[in-house]
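Right, one structure below, let's go through it.
Number of protein chains: 2
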Amino acid sequence: MTKNTVRPISPKISDAPRAQKRSRPVQVADQIKRWVVERDLRKGDKLPNEAAMITQFGVSKGTVREAMRILEAQGLIVTKTGPGGGSSVGEVSKDRAMSLLGNYFYFKDLSLSDIYQMRKMLEPELVAHLAGKLDAETLVTLREMAHRHPEPARSPEEEKQQHISSLAFHARIADAAENELLGFVISFMARILTDLTVYRRLYEAPNRELWERGRRHQIELVDALERGDGPLARAIMLSHMEGAESMMNAQEIRIAREFMVE
Amino acid sequence: MTKNTVRPISPKISDAPRAQKRSRPVQVADQIKRWVVERDLRKGDKLPNEAAMITQFGVSKGTVREAMRILEAQGLIVTKTGPGGGSSVGEVSKDRAMSLLGNYFYFKDLSLSDIYQMRKMLEPELVAHLAGKLDAETLVTLREMAHRHPEPARSPEEEKQQHISSLAFHARIADAAENELLGFVISFMARILTDLTVYRRLYEAPNRELWERGRRHQIELVDALERGDGPLARAIMLSHMEGAESMMNAQEIRIAREFMVE
DNA sequence: GGTCATAATTTATCATAATAAATTTGGAAA
DNA sequence: TTTCCAAATTTATTATGATAAATTATGACC
Numbered sequence: 001m002t003k004n005t006v007r008p009i010s011p012k013i014s015d016a017p018r019a020q021k022r023s024r025p026v027q028v029a030d031q032i033k034r035w036v037v038e039r040d041l042r043k044g045d046k047l048p049n050e051a052a053m054i055t056q057f058g059v060s061k062g063t064v065r066e067a068m069r070i071l072e073a074q075g076l077i078v079t080k081t082g083p084g085g086g087s088s089v090g091e092v093s094k095d096r097a098m099s100l101l102g103n104y105f106y107f108k109d110l111s112l113s114d115i116y117q118m119r120k121m122l123e124p125e126l127v128a129h130l131a132g133k134l135d136a137e138t139l140v141t142l143r144e145m146a147h148r149h150p151e152p153a154r155s156p157e158e159e160k161q162q163h164i165s166s167l168a169f170h171a172r173i174a175d176a177a178e179n180e181l182l183g184f185v186i187s188f189m190a191r192i193l194t195d196l197t198v199y200r201r202l203y204e205a206p207n208r209e210l211w212e213r214g215r216r217h218q219i220e221l222v223d224a225l226e227r228g229d230g231p232l233a234r235a236i237m238l239s240h241m242e243g244a245e246s247m248m249n250a251q252e253i254r255i256a257r258e259f260m261v262e
Numbered sequence: 001m002t003k004n005t006v007r008p009i010s011p012k013i014s015d016a017p018r019a020q021k022r023s024r025p026v027q028v029a030d031q032i033k034r035w036v037v038e039r040d041l042r043k044g045d046k047l048p049n050e051a052a053m054i055t056q057f058g059v060s061k062g063t064v065r066e067a068m069r070i071l072e073a074q075g076l077i078v079t080k081t082g083p084g085g086g087s088s089v090g091e092v093s094k095d096r097a098m099s100l101l102g103n104y105f106y107f108k109d110l111s112l113s114d115i116y117q118m119r120k121m122l123e124p125e126l127v128a129h130l131a132g133k134l135d136a137e138t139l140v141t142l143r144e145m146a147h148r149h150p151e152p153a154r155s156p157e158e159e160k161q162q163h164i165s166s167l168a169f170h171a172r173i174a175d176a177a178e179n180e181l182l183g184f185v186i187s188f189m190a191r192i193l194t195d196l197t198v199y200r201r202l203y204e205a206p207n208r209e210l211w212e213r214g215r216r217h218q219i220e221l222v223d224a225l226e227r228g229d230g231p232l233a234r235a236i237m238l239s240h241m242e243g244a245e246s247m248m249n250a251q252e253i254r255i256a257r258e259f260m261v262e
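Sequence order for the protein chains is A and G.
Quick note, the first sequence lines up with residues 1 to 262 if you use this note's numbering.
Quick note, the second sequence lines up with residues 1 to 262 if you use this note's numbering.
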């Protein structure tokens, strides 16, 4: 059978009773969303300009503008000035989606072990599925990333940089996932971890053995991916996750108090 | 060690060069975000009122209002009229977070097998971890949900209703997850599947055996969860996932073209 | 003390005008 | 004809002020 593609839906955009409670800008924004969906507009397709919407919806300029800001904040439209300008549909970027989701978890106090529990479930399976399917360019990139830091860090700042590089390696693999949902979740976790401000305890010297094993894991993982050895890739990734988790746990997390922004 | 809690961060809210390009409402919204973060404001804490922000930021009323709409659209603030009203911090609701994330996937054409690949990775592990940890109330609720439909559906509409009930069962389990990230992702998938408009092929009679097995799975799963038999719970859930997947694949998906709304 | 009408407060919406940004157009120069 | 600069045009952006709507606070009254 053909590939069933799936889209979010909610049949009732405006409940008749609730319609009164929602502010007019929100109502207008919802109508525009419906308008986009009905016509199956895609990225780049233009919306009516400001003046047209004012007459179309019978509301004031300010109301229309607030509605557009709502849609813009969600990443659904982009707006330009000048002739041929106006608003047009703009598909939500991955970065923006991660920021918006990050706002949700800002209030949730995720723990490191929460994140690593998920990573251990997802990333080994991902690389198992990916083995033998990566194109040459991706493999070259991954190999380059794996070899980027030939020596252990000599300072906390350098160690943090290496940590971020390692997470970029994982995000790069996630980008190669055919399953966009899987790829997104893994990238999101990498982003959360990247945005953390992590400081090694001062009295704890960098652990050369742990570092060396992490590096070897990456290199062996790329090899396994290239050879198409899924089970090995999975095993390496799982081992790597466990190592990374214990390294993280050996460090102090300075709690980051910032909303994600794109 | 104490539980490391983790928060999203981005160190550079306003890049100096980009600051000029962003519209004033966006800049104001960012400043308010920073204001909230610096003071570590929490849900319910009040923001300055409109008039104060106008003087504070030296912009017009319209600009402030657009900024508030941006923050409101992201679920970060709520606004009320009247004395004692104004804007206050409001933590992003799960529903809103799912809607915003749904907007991202609206353009991505996820496939059913993408979703089920994820479900098979996550849900069996979740119930394995949850076995023996659920409180009595949750178990009662789950058992009630599992027994809700004692007979196979006699019409496509009834079948769809049963399908939605089944997904609510899974969402209820996800809500019990200690790991909020894991729970969110599972709930999100349940929501996507719930919002689908699914119609059984007309020439294909409801399959009583498949239905019966799905129902038995739910009941046995609750038993295993109560007894604390993690491995069995995992096995049941995996089998259930596979059954659900094949049932979904045996149906026609009317592609749902709608944005999620809260 | 409870209830109801009224006042006060705050956001919500509207209307209008001026400003700024971006693109197109027109014309002069090569 | 082509190139390039400047004016005109289109569109969003910002600003200001006035009015409406919603909510809470107040106080008179029973």
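Ideal Cβ positions, reconstructed from N, Cα and C, are used throughout, including at glycine.
- Residue-level contact by beta carbon holds for G/Ala-29 and chain A, with a gap shorter than 9 Å.
- If you check each beta-carbon in the segment 83-108 of chain A against every beta-carbon of chain G, the ones closer than 7 Å belong to Glu-91, Val-92, Ala-97, Leu-100, Leu-101, Gly-102, Asn-103, Tyr-104, Phe-105, Tyr-106, Phe-107 and Lys-108.
- Restricting attention to beta strand (DSSP E) runs no shorter than 3 residues, the segment 169-246 of chain G encloses them at 197-199, ordered along the chain.
- Only residues of its own chain outside the window of five on either side were considered, and among them Ala-190 have a CB closer than 6 Å to the CB of G/His-170, listed in chain order.
- Per DSSP, the continuous alpha helix (DSSP H) segment holding A/Ser-99 begins and ends at 94-106.
- Judged by DSSP in its simplified three-state form, A/Thr-79 adopts strand.
- Boundaries of the beta strand (DSSP E) harbouring A/Ser-87: 86-89, taken from the DSSP string.
- Checking the DSSP bridge columns, you'll see G/Ser-113 has no partner listed.
- In this structure, G/Ser-99 keeps its C-beta atom at 9 Å or more from the C-beta atom of G/Glu-220.
- Counting along the chain, the unbroken alpha helix (DSSP H) around G/Ala-52 starts and ends at 50-57.
- Residue contact check for A/His-163 against chain G: no CB pair falls below 9 Å.
- For the pair G/Lys-120 and G/Leu-232, the CB atoms are not nearer than the 9 Å cut-off.
- Nearest to A/Glu-159 by alpha-carbon distance, out of A/Lys-133, A/Thr-194 and A/Arg-39, is A/Thr-194.
- Under the 8 Å Cβ criterion, the segment 83-92 of chain G counts as touching the segment 27-45 of chain G, having at least three qualifying pairs.
- A residue is called buried once 16 or more other Cβ atoms fall within 10 Å of its Cβ, and G/Asp-114 is buried on that count.
- CA-to-CA, the gap between G/Gly-183 and A/Thr-138 works out to about 32 Å.
- In terms of Cβ geometry, G/Glu-123 and G/Met-241 form a close pair [threshold 9 Å].
- Assignment of A/Lys-46 by DSSP, reduced to helix, strand and coil, places it in the strand class.
- Here A/Thr-63 is buried. Its C-beta has 16 or more other C-beta atoms within 10 Å.
- Legend: CB atoms of the segment 29-51 of chain A lying less than 9 Å from CB atoms of chain G belong to residues Ala-29, Asp-30, Lys-33, Arg-34, Val-36, Val-37, Glu-38, Asp-40, Arg-42 and Lys-43.
- Chain A places no beta carbon closer than 9 Å to that of G/Gly-243, leaving this residue out of the contacts.
- What A/Val-59 touches in chain G, judged by beta-carbon distance under 8 Å, is nothing: the nearest beta carbon there is about 14 Å away.
- If you look at A/Glu-72, you'll find it in the alpha helix (DSSP H) that goes 61-73.
- At a cut-off of 9 Å between C-beta atoms, A/Asp-114 counts as an interface residue with respect to chain G.
- The C-beta separation of G/Leu-142 from G/Val-222 comes to about 5 Å, placing the pair in contact by the 8 Å criterion.
- With respect to the 9 Å criterion, A/Gln-218 and A/Ala-153 are not classified as neighbours on the basis of their beta carbons.
- Contact annotation, A/Phe-57 with A/Gln-31: C-beta distance approximately 7 Å; criterion of less than 8 Å satisfied.
- In this structure, A/Leu-134 is the residue among A/Leu-134, A/Lys-33 and A/Ser-23 with its C-alpha nearest to the C-alpha of A/Leu-225.
- For the pair A/Leu-181 and G/Met-247, the CB atoms are not nearer than the 9 Å cut-off.
- Taking 9 Å as the cut-off, the beta carbon of A/Glu-72 is found closer than this to the beta carbon of G/Ile-70.
- In chain order, Gly-75 place their CB closer than 6 Å to the CB of A/Val-92, counting only its own chain and leaving out the 5 sequence neighbours on each side.
- Burial check for A/Lys-108: the Cβ neighbour count within 10 Å reaches 16 or more, so the residue is buried.
- The beta carbon of G/Ser-60 sits closer than 8 Å to the beta carbons of Ile-54 from its chain, once the five residues preceding and following it are set aside; these are given in chain order.
- Burial check for G/Arg-227: the Cβ neighbour count within 10 Å stays below 16, so the residue is exposed.
- Assigned with DSSP and collapsed to three states, G/Pro-25 falls in helix.
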